[in-house]
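Data block below; observations after.
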Amino acid sequence: MSPCIVSVRVFLLSRQRALPNVAQRVRKLSTGAASGPHPEERDVVIVGGGPAGLALAGALASYKHVRDSLSITLVEAGDLSSVENWSLNSGSFSNRVSSITNASQAFLKAVGAWDHVENDRTSPIEEMQVWDGVSDARITFTASELGLTAANNDSGVSPQMARLTENLNLQRGLLRHLSASPGIQISDKVKVKAIESEVREGGGWPLIHLSDGRTLRARLLVGADGFNSPVRSYAGISSFGWSYDTQAIVATLSHPPRTPFEPPNTTAYQRFLPTGPIAFLPLSPTASSLVWSTRPPLAAALTKGVSGVLALMINAAFRLPNVSMEYLHKVILEAEAAGTPLTLSQIKDEISWREKSHNIDKHSAFSSMLTESNQTGMPLEHSETLPPLISSIQPGTAASFPLRFNHAESYIGEGKGSRTVLVGDAAHTIHPLAGQGLNLGLGDVECLARCISNTVLQGGDIGSHTALLPYAQERYIENHKIMSACDKLHKLYTTTFEPVVWARSVGLEVINELDSIKAALMLSAGSSPKGRSSHRPGAAGWNRAAQGIEGLAGGFKVASMLGGAAADVVGSGLRQLLKSLPQKN
Amino acid sequence: MSLWQVPRCTVAITPKSTSSSRNTHRAISVLRPLALHTPRSRCLSTPASQTEATSTINPSEIAFFSKLSSQWWDEQGEFSFLHRMNPVRMQFIREKLLEVKRDGEYEKDGFRFDRGGQDEGDHVKVMQGLDVLDVGCGGGLLSESLARSGAHTLGIDASSSNVAIASLHASADPQLSPDTFPSSSTRPTSRAGSLTYRHAAAEDLLQEPKRYDAVCSMEVLEHVDNPAGFLETCAELVKPGGHLFLSTIARTPLSYFLTIFMAEQVLQKVTSGTHTHAKYVNPSELISFFQKYRKPSVAGESGRPWISRTYEHGLPTRTEAEVRGMVYVPWRGEWVLAPRGGSLLAPSAQCNYLFWVRKPL
Ligand SMILES: Cc1cc2nc3c(=O)[nH]c(=O)nc-3n(C[C@H](O)[C@H](O)[C@H](O)COP(=O)(O)OP(=O)(O)OC[C@H]3O[C@@H](n4cnc5c(N)ncnc54)[C@H](O)[C@@H]3O)c2cc1C
Chain A
1 MSPCIVSVRV FLLSRQRALP NVAQRVRKLS TGAASGPHPE ERDVVIVGGG PAGLALAGAL
61 ASYKHVRDSL SITLVEAGDL SSVENWSLNS GSFSNRVSSI TNASQAFLKA VGAWDHVEND
121 RTSPIEEMQV WDGVSDARIT FTASELGLTA ANNDSGVSPQ MARLTENLNL QRGLLRHLSA
181 SPGIQISDKV KVKAIESEVR EGGGWPLIHL SDGRTLRARL LVGADGFNSP VRSYAGISSF
241 GWSYDTQAIV ATLSHPPRTP FEPPNTTAYQ RFLPTGPIAF LPLSPTASSL VWSTRPPLAA
301 ALTKGVSGVL ALMINAAFRL PNVSMEYLHK VILEAEAAGT PLTLSQIKDE ISWREKSHNI
361 DKHSAFSSML TESNQTGMPL EHSETLPPLI SSIQPGTAAS FPLRFNHAES YIGEGKGSRT
421 VLVGDAAHTI HPLAGQGLNL GLGDVECLAR CISNTVLQGG DIGSHTALLP YAQERYIENH
481 KIMSACDKLH KLYTTTFEPV VWARSVGLEV INELDSIKAA LMLSAGSSPK GRSSHRPGAA
541 GWNRAAQGIE GLAGGFKVAS MLGGAAADVV GSGLRQLLKS LPQKN
Chain B
1001 MSLWQVPRCT VAITPKSTSS SRNTHRAISV LRPLALHTPR SRCLSTPASQ TEATSTINPS
1061 EIAFFSKLSS QWWDEQGEFS FLHRMNPVRM QFIREKLLEV KRDGEYEKDG FRFDRGGQDE
1121 GDHVKVMQGL DVLDVGCGGG LLSESLARSG AHTLGIDASS SNVAIASLHA SADPQLSPDT
1181 FPSSSTRPTS RAGSLTYRHA AAEDLLQEPK RYDAVCSMEV LEHVDNPAGF LETCAELVKP
1241 GGHLFLSTIA RTPLSYFLTI FMAEQVLQKV TSGTHTHAKY VNPSELISFF QKYRKPSVAG
1301 ESGRPWISRT YEHGLPTRTE AEVRGMVYVP WRGEWVLAPR GGSLLAPSAQ CNYLFWVRKP
1361 L
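Here the protein sequences line up with chains A and B, keeping their order.
Going by this note's numbering, the first sequence opens with residue 1, and the numbers climb by one from there.
Going by this note's numbering, the second sequence opens with residue 1001, and the numbers climb by one from there.
Written out as structure tokens, the structure reads:
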């Protein structure tokens, strides 16, 4: 583990050095671009019509004094009309879903956009079960246990920790909200080709050259343009990060409904395997979403392979002991490398053979085999500790994305890059194990919109450093805490290093008592702030979580001093692990 | 030495600037950018008819002015604290205007229960169409905000360089210089204020008939040689029923410690010599000034004092005048308006404070 981390660090440094050059090149290149004779004046230019950009436009439009006094344009390379007219039969779901925390929902409600999100296509998460793939230590928590009351959500039925929503459902809702509230101009199917800084004494404003030939001159340029943010490069803001050497497989899963004797399909399950966590996120009684982080070659083999294989492997990944999962991964990759991918029945045989060797009864909940045996309507014993068995993958929904950690060094541009601000994935990219990426972006947007609104009220210049500073101050630290907690969790769990696993297993059981780790693993919960100006409540919890993770590791240091050779081994293992974790949070 | 003498540049943007009032009190800028010390002998004069247009700036001077401009408008530089103070000043001005407006509506229409939902709208509109004078506008920090809020704003400064800097800065902003931006047609026009700068001293304006709904003079008083005369001039420029807003520094041990010892000597955030402690003015002195000061008699009638009564602790009634401390919160890097009330001796009013007084109708 540690050599790998060292190389990560080196990579990080070389990235940092490399980035300013990239920025310079971009700037030079841009200056060459022909500036139109009459740039159009805009107060706000938002680049990017992803969830963050659309939510920002929606939030700004919801303040009357902002939309009355500012001209706002959103530019998106893709076709937004297809998003606005997006529809799927009930029962089928898009593969990109996000758990929207209660805090994010409260924000979207205050803006007026949540009403346009099709509620029937969303699902509450009322319970979470998280367990360690190696030791099987497990924690379970429910929304009510977390003090989230039913009053926190609209349904009024049961308290929820978050609401699982297709990204497209959210984006469509935001677009519908925008078309209902005039004042924002949306230019889709238009790409930002180049950005340059206007030549003007005393500091120029950004000029944005568009693929349709127009040039916009922006008082404030917002980069909501995702991980590869062109706005970030223009602003000369470097970012630090690494790629996890992990791909996230996403897919929409079909499965039979829970029996009346089981809890409803509103539990999220996440198993931390050494290759990465696999998560099952409920969408409806018979459909759920998968986010499975694993090694890139395996992700490729599973998503491109025979369709039944992925479903089978998902079932196994939640059930089979880790040794057998490792074995299966090995044979799949070997067969792949040999050019003779395993057939469905070969994999079935492998799994059932493995189950037999582990004494797993094929009629039990722990078997990955779909059996006809359970027709009594009575649930199998312990079935509530596992997600329902997947019967199939919805066609065309299996895909995979590379995972990275990335954080911009600043959220606001300075000097030549002044009058720029970053939100969402342009500012930060995070491991999805906590389902927080989009929520961080929505938190950014909520804060930035409030900042802009306040500045307009005071007659200030919304592009000025003074106006943007409160945004950067509020969001940077908060995002950093959450990001480093998730990063540490990822590193803590993607190791099979024996002493660490031992520590983890103990840890997880200790954790059950500990609020702090619960907060970290609960991840997607957020309470419901009343009113738009209230602070997101998550920060304190995240802070505790980050401290908790460190405290947990620190605790084992103490354990190692208790003496005995075993303890020494454990201690040094942990020390190594600790060293490999980023020191500051 | 007062600051207006510092720029030994003979730039004249308005011909009035060399009027006989030179030796009286002047509106001057709060802090001097270091570059102002550079002697410049070049002259930039404009025909009298084109007094305010930014286009009257000689392009060859622009490079020079923009060097200064980069100081006034370098938000992380020497003036950073003024930039951060600006929203608080605006908040105070806005809240006070709103309060007076509502009191007026209350007197006219009686009490109205339902004000819900109107607050933001009122907030936005309260400055629209008002004639506002910013005395000692410096680089234009406050003037720009006033104009963006919809006020017809005139910023004056006795330093021609400051006026040039302010004009240059505003010329980049289509909200402030709509004429130079023909393509800003998509702009919502709900809050069109206007912004004009003139190289003039407050006294120069006395000769003109125009009076203002609000006169603001921020961080100027503490640099003036004859504060009483300066206050009289400002007061005269206010319309009956209009408002005078000041911000300045109290003459206390705390203010010496913070604004001179710490800011100039220890942290060297502000150029040494910027402030003279003896020139600071206490809130109680402003209050007693306006208890005695009467609006100039109209047709033989003697006016009534602007502040007719104070409470036991020395504070005026909320409808006549108000003192509010401004406190810097270092860990937020932000200025905040101290809560209302308290006494004049409250710690929050011991250093930077805002003062509002209303001219009787
Ligand atoms: C597998 C996976 C699972 C996830 N699960 C969750 C979850 O459960 N919960 C959660 O909160 N988050 C989750 N996330 C993260 C979430 O999807 C992202 O954080 C979110 O999509 C970021 O939104 P954004 O608007 O910032 O950026 P994006 O969605 O990347 O949008 C950027 C937009 O900018 C446009 N653009 C870029 N360049 C230009 C240009 N030059 N001109 C014009 N337009 C341009 C692009 O077309 C794009 O539409 C997950 C991510 C992954 C990969």
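Each residue gets a CB set at the ideal place from its N, CA and C atoms; glycine is no exception.
Remember, predicted model here, so these are calculated numbers, not experimental data.
Measuring from the CB of Y1157/B, is there a heavy atom of ligand 1 at a distance below 7 Å?
-> Your numbering for residue 1157/B matches position 157 in the second sequence. Here residue 1157/B turns out to be Asp, not Tyr, going by the sequence shown. Because no heavy atom of ligand 1 lies under 7 Å away, the Cβ of D1157/B does not count as near it: no.
Using a Cβ-Cβ distance under 8 Å, would C1043/B count as near chain A?
-> What you label residue 1043/B is simply residue 43 of the second sequence in a count that begins at 1. Only weak support exists for where C1043/B lies, its pLDDT of 29 falling under 50; the coordinates are left without a value.
Which same chain residues, not among the five before or five after H255/A, have their C-beta less than 7 Å away from its C-beta?
-> If you number the first sequence from 1, residue 255/A lands on position 255. Correct list, in chain order: T286, S288, P388, L389, I390, S391.
Report the residue from F261/A, L468/A, L175/A, S293/A whose alpha carbon sits nearest the alpha carbon of G48/A.
-> Residue mapping note: residue 48/A aligns to position 48 of the first sequence, counting from 1. That would be L175/A, whose Cα lies nearest to the Cα of G48/A.
Which residue's Cα is closest to the Cα of R1100/B: R1294/B, M1127/B, A1170/B, L1354/B?
-> In the second sequence, the residue the question calls residue 1100/B occupies position 100. This sequence places Val at residue 1100/B; Arg is not what is there. Of the candidates R1294/B, M1127/B, A1170/B, L1354/B, the one whose C-alpha sits nearest the C-alpha of V1100/B is M1127/B.
Beta-carbon of Q1091/B versus every beta-carbon of chain A: anything under 8 Å?
-> Reading the second sequence from its first residue, position 91 is the one you call residue 1091/B. Yes, Q1091/B lies at the interface with chain A (some Cβ there is under 8 Å from its Cβ).
Is it the case that the Cβ atoms of A59/A and T101/A are separated by a distance below 8 Å?
-> Counted from its first residue, the first sequence places residue 59/A at position 59. Counted from its first residue, the first sequence places residue 101/A at position 101. Against a cut-off of 8 Å, the Cβ pair of T101/A and A59/A comes out as no contact.
Starting from A218/A, follow the beta strand (DSSP E) in both directions and report where the run begins and ends.
-> The count along the first sequence starts at 1 and reaches residue 218/A at position 218. Per DSSP, A218/A belongs to the beta strand (DSSP E) from 215-223.
Could you check which residue in V456/A, Y476/A, S484/A has the C-alpha nearest to that of S1149/B?
-> For the purposes of this step, residue 1149/B is identified with residue 149 of the second sequence, where counting begins at 1. Among V456/A, Y476/A, S484/A, the Cα nearest to that of S1149/B is on V456/A.
Contact set between the region 1150-1165 of chain B and chain A, restricted to residues whose Cβ is under 9 Å from the partner | So the close ones are G1150, A1151, I1165.
Going by C-alpha distance, which of A467/A, L108/A, L70/A, M483/A is nearest T420/A?
-> Numbered from 1 along the first sequence, position 420 holds the residue referred to as residue 420/A. Answer by Cα proximity: A467/A.
Should D461/A be flagged as near chain B, meaning a C-beta pair shorter than 8 Å?
-> Residue mapping note: residue 461/A aligns to position 461 of the first sequence, counting from 1. Interface with chain B (8 Å Cβ-Cβ cutoff): D461/A is included.
Between the beta-carbon of A251/A and the beta-carbon of A398/A, is there less than 8 Å?
-> Within the first sequence, numbered from 1, the residue matching residue 251/A stands at position 251. Within the first sequence, numbered from 1, the residue matching residue 398/A stands at position 398. Result yes, Cβ atoms of A251/A and A398/A sit closer than 8 Å.
Could you tell me which residues DSSP puts in a beta bridge with L1244/B?
-> In the second sequence, counting from the first residue as 1, residue 1244/B sits at position 244. Beta bridge pairing from DSSP links L1244/B with V1215/B, V1357/B.
Should P1330/B be counted as a contact of ligand 1 given a C-beta to heavy atom distance under 7 Å?
-> One-based indexing of the second sequence puts residue 1330/B at position 330. No, the Cβ of P1330/B stays beyond 7 Å of every heavy atom of ligand 1.
For the alpha helix (DSSP H) that contains Y327/A, what are its first and last residues?
-> Translated into the one-based positions of the first sequence, residue 327/A becomes position 327. Looking at the DSSP string, the run of the alpha helix (DSSP H) that includes Y327/A is 322-337.
By DSSP, does Y244/A sit in helix, in strand, or in coil?
-> Translated into the one-based positions of the first sequence, residue 244/A becomes position 244. Strand at Y244/A.
G1129/B touches chain A at which residues, Cβ-Cβ below 7 Å?
-> Start at 1 with the first residue of the second sequence, and residue 1129/B comes out as number 129. The contacting residues do not exist; G1129/B stays about 14 Å from chain A at best.
Residue nearest to L448/A in terms of C-alpha spacing, selected from P341/A, N85/A, F107/A = Here residue 448/A refers to the residue found at position 448 when the first sequence is read from its first residue. Considering only alpha carbons, the answer is F107/A.
Are the beta-carbon atoms belonging to N1282/B and R1251/B less than 8 Å from one another?
-> Against the second sequence, residue 1282/B aligns to sequence position 282. Against the second sequence, residue 1251/B aligns to sequence position 251. Yes, they are a contact pair.
Would you list the one or two residues that DSSP bridges to A287/A?
-> As a working mapping, residue 287/A is identified with position 287 in the first sequence. Note: A287/A sits in a beta bridge opposite S254/A, S284/A.
R1304/B to R1340/B, Cα distance in whole Å?
-> Position 304 of the second sequence holds residue 1304/B. Position 340 of the second sequence holds residue 1340/B. Distance between the alpha carbons of R1304/B and R1340/B is about 26 Å.
Just confirm the distance between the C-beta atoms of N315/A and V134/A, as a whole number of angstroms; I'd bet it's less than 8 Å.
-> Along the first sequence, one-based indexing puts residue 315/A at 315. Along the first sequence, one-based indexing puts residue 134/A at 134. The pair is not a contact, with the Cβ atoms about 19 Å apart (cut-off 8 Å).
Separation of R475/A from F1355/B, as counted between CA atoms | Locating residue 1355/B in the second sequence gives position 355, counting from the first residue. Locating residue 475/A in the first sequence gives position 475, counting from the first residue. F1355/B and R475/A have their C-alpha atoms spaced approximately 34 Å apart.
Could you list the residues in the region 1075-1087 of chain B with a C-beta less than 9 Å from some C-beta on chain A, going in chain order?
-> E1075, Q1076, S1080, H1083, R1084, N1086, P1087
Alpha carbon of S35/A to alpha carbon of R42/A, nearest angstrom = The count along the first sequence starts at 1 and reaches residue 35/A at position 35. The count along the first sequence starts at 1 and reaches residue 42/A at position 42. With a pLDDT of 44 at S35/A, under the threshold of 50, the predicted position of this residue should be treated as unreliable, though the coordinate-derived value follows. One C-alpha to the other measures close to 16 Å.
Please compile the residues from chain A whose C-beta is within a distance smaller than 8 Å of the C-beta of W1073/B.
-> Numbered from 1 along the second sequence, position 73 holds the residue referred to as residue 1073/B. Here the neighbours are G202, G203.
When the cut-off is 8 Å and only beta carbons count, does T420/A lie next to chain B?
-> To locate residue 420/A, count along the first sequence from 1; it is residue 420. Not one chain B Cβ lies under 8 Å of T420/A.
Rounded to whole angstroms, how far is the Cβ of A301/A from the Cβ of L333/A, which I believe are closer than 8 Å?
-> Along the first sequence, read from residue 1 onward, the residue named residue 301/A stands at position 301. Along the first sequence, read from residue 1 onward, the residue named residue 333/A stands at position 333. Indeed they touch by this definition, with Cβ atoms about 6 Å apart.
Minimum C-alpha distance to E1320/B - residue among T1196/B, S1288/B, V1329/B, A1170/B = The count along the second sequence starts at 1 and reaches residue 1320/B at position 320. The residue with the shortest Cα to Cα distance from E1320/B is S1288/B.
So is the beta-carbon of S98/A under 7 Å away from any non-hydrogen atom of ligand 1?
-> Position 98 of the first sequence, counting from 1, holds the residue named residue 98/A. Answer for S98/A: yes, Cβ within range of ligand 1.
Which of helix, strand or coil DSSP assigns to D461/A = If you number the first sequence from 1, residue 461/A lands on position 461. Collapsing the DSSP output to three states places D461/A in coil.
Whole-angstrom Cβ separation of A113/A and H177/A, contact assumed at under 8 Å?
-> Here residue 113/A corresponds to residue number 113 of the first sequence, with the count starting at 1. Here residue 177/A corresponds to residue number 177 of the first sequence, with the count starting at 1. That belief holds up - the Cβ atoms of A113/A and H177/A are roughly 4 Å apart, short of 8 Å.
Taking 7 Å as the line, does the beta carbon of P274/A fall inside it for any heavy atom of ligand 3?
-> This structure simply doesn't include ligand 3; it includes ligand 1 instead.
Mind checking who Y1197/B pairs with in its DSSP beta bridge?
-> Here residue 1197/B corresponds to residue number 197 of the second sequence, with the count starting at 1. According to DSSP, which records beta bridges pairwise, Y1197/B is partnered with G1155/B.
Identify the contact partners of P1174/B in chain A, using a Cβ-Cβ distance below 7 Å as the criterion.
-> Within the second sequence, the letter at position 174 stands for residue 1174/B. E41, listed in chain order.
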